[in-house]
Amino acid sequence: MAQKNYKPHYEHLKNKWTEQHLELQHSLWKRHRKSLRWFANRSKHLTASALSGLLLLASPISASISAPITTADQKPEFTDLDKDTFLVSDLYTVLPKEVRPLQQEEEQRVISLLSARFGIPVKSEIDGKRLERNYGLIGAEQHLMRYPGDTIYSHFESEEDARIHTSSGMAPGRGAWGYFASSREVMTEEDIQRERYYIAVQTFLAPEFNSKVAEYRDFFKYRKMLLVNPYTGKSIVTVIGDAGPAVWTGKRLGGSPEVMQYLGRVDGSLKGPVLFFFIDDPENKVPLGPMHVL
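In structure tokens, the structure reads:
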């Protein structure tokens, strides 16, 4: 089915409605969290329509006026949605209302929460190295060339990916660490995944970066990071594949088209708040891509 193109005024009204809806939902969760948890944990005994009503009122998810209606015959699965909802509820009690660098206590609470919820070692610092912040606005990036000669027409591994992401275009230059592979023939699945789920991070703002450029360059190359949309609970494992964006943009990192789509940051503004932390994974056991709450 072809995707509808809505006019700017529609997008503006939808975004304003979503913002107000989130505030109401957050307030409801803050005042009645225990009751809502009790209710959701017994959701398997409820009809689909009753549970849908509960989630409409209680879950701080990105609202969409054009979302399809789910009927009881479709037997919707609410397990993951419930878990994401609880994550959003808990983050709401920790994060500041404004998007700013986290204070030490806030940072530690977020790290403990994310580590427990995802079952992976989430950290703000590894080997004495850390970023300038772990909470800020993410913006959309273009695709990166994976090997010499890669173009937007040879870039995608499926027709579906091409249909969805071709319009994002391809950056004219390489990423901060060059090509992901020396040629198409030697490109591995890991190379493909790294470009698909890459982020651009302001590595140049990291403490002591300017005095240890080579050391920090090697440390940040393809470093795994967990990104979390605090409004929806959508989370994804990425790698640092580029440096940026520029400070003057007001954004603190950028995401590939695939990353932005999964996080739900494609609502017209192409940017929004996100948490981003290192994943301590020296044995490379944590796969790239969407990460779900345990």
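Start counting the sequence shown at 1365; every next residue gets the next number (this note's numbering). Beta carbons: idealized from backbone N, C-alpha and C, even for Gly.
- Annotation: D1525 to P1536 spans about 20 Å, alpha carbon to alpha carbon.
- If you check the CB distance, R1510 and A1540 do not come in under 8 Å.
- A1480: member of the alpha helix (DSSP H) spanning 1468-1482, first to last residue.
- The continuous beta strand (DSSP E) containing D1606 extends over residues 1599-1607.
- Going by DSSP, A1526 is part of no beta strand (DSSP E) but of the alpha helix (DSSP H) stretching over 1523-1529.
- The beta carbon of S1518 sits closer than 8 Å to the beta carbons of R1548 from its chain, once the five residues preceding and following it are set aside; these are given in chain order.
- Contact between the stretch 1592-1609 and the stretch 1572-1579 is absent, with fewer than three C-beta pairs closer than 8 Å.
- By alpha-carbon distance to D1555, the top candidate from I1604, D1582, F1568, V1486 is I1604.
- Taking C-beta atoms as the reference points, R1629 and G1619 count as a pair closer than 8 Å.
- L1501 has P1637 as its beta-bridge partners, per DSSP.
- Contact annotation: R1481 and L1658 have beta-carbon atoms nearer than 8 Å.
- Around the beta carbon of A1504, a 10 Å sphere encloses 16 or more other beta carbons of the protein chains shown; the residue is thus reported as buried.
- According to the DSSP secondary-structure assignment, E1489 is paired through a beta bridge with R1494.
- Taking 8 Å as the upper bound for CB-CB distance, G1597 and L1501 are not in contact here, some 18 Å apart.
- Per DSSP, reduced to three states, the secondary structure at V1565 is strand.
- For the pair L1617 and I1600, the CB atoms are not nearer than the 8 Å cut-off.
- Nearest Cα to F1568 within the set M1551, G1608, Q1557: G1608.
- Selection P1512, K1588, K1576, D1645 evaluated against G1542 yields P1512 as nearest (Cα-Cα).
- The beta carbon of M1534 lies closer than 6 Å to those of Q1506, H1507, I1516 in the same chain, with the five residues before and after it left out.
- DSSP places M1551 outside any beta strand (DSSP E), giving it a letter other than H or E.
- With contacts defined as CB atoms closer than 8 Å, I1643 and V1458 fail to qualify as a contacting pair.
- The three-state secondary structure of P1621, taken from DSSP, is helix.
- The shortest C-alpha to C-alpha distance from K1493 to any of K1585, S1522, H1656 is the one to K1585.
- In terms of Cα proximity to Q1566, the closest of Q1625, S1453, W1612, V1650 is W1612.
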